[in-house]
Amino acid sequence: MPPNPLSSTDIKYIFDKVLSGKRINEEEALFLLENGDLLTVGRLADFVRKQKHPD
136 MPPNPLSSTD IKYIFDKVLS GKRINEEEAL FLLENGDLLT VGRLADFVRK QKHPD
């Protein structure tokens, strides 16, 4: 298996991408799943949900 080209510094890039309304790709999603803090990733997902479906 080739090494993952993403590093821990890419977490901020991915978060910034999501917060600006852009979609992440499959590789970035897998990186977050494997390396991201679950609580932080969950909060990010909730942010996106609220943007798409406001109360």
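Just so we're on the same page, the numbering used here is the position in the sequence shown counted from 1, plus 135.
All C-beta atoms, glycine included, are put in the ideal place defined by N, C-alpha and C.
Exercise. Apart from the five residues just before and just after residue 136, which ones in its own chain have a Cβ nearer than 6 angstroms to its Cβ?
Worked result: Any reading at residue 136 must be qualified, since the residue scores a pLDDT of 42, below 50, and its modelled position is unreliable; the value itself is stated next. There are no such residues.
For this session: For residue 138, I'd like the list of residues in its chain whose CB is within less than 6 angstroms of its CB, leaving aside the five on either flank, ordered along the chain.
Result: With a pLDDT of 47 at residue 138, under the threshold of 50, the modelled position of that residue is not reliable, and the figure given next carries that caveat. Correct list: empty, nothing qualifies.
Exercise. So what's residue 172 in DSSP terms, helix, strand or just coil?
Worked result: Here residue 172 sits in coil by DSSP.
Problem set entry | C-alpha gap between residue 146 and residue 172, whole angstroms | Cα to Cα, residue 146 sits roughly 10 angstroms from residue 172.
Problem set entry | Cα-Cα separation between residue 186 and residue 175, rounded to whole angstroms | C-alpha of residue 186 to C-alpha of residue 175: approximately 17 angstroms in a straight line.
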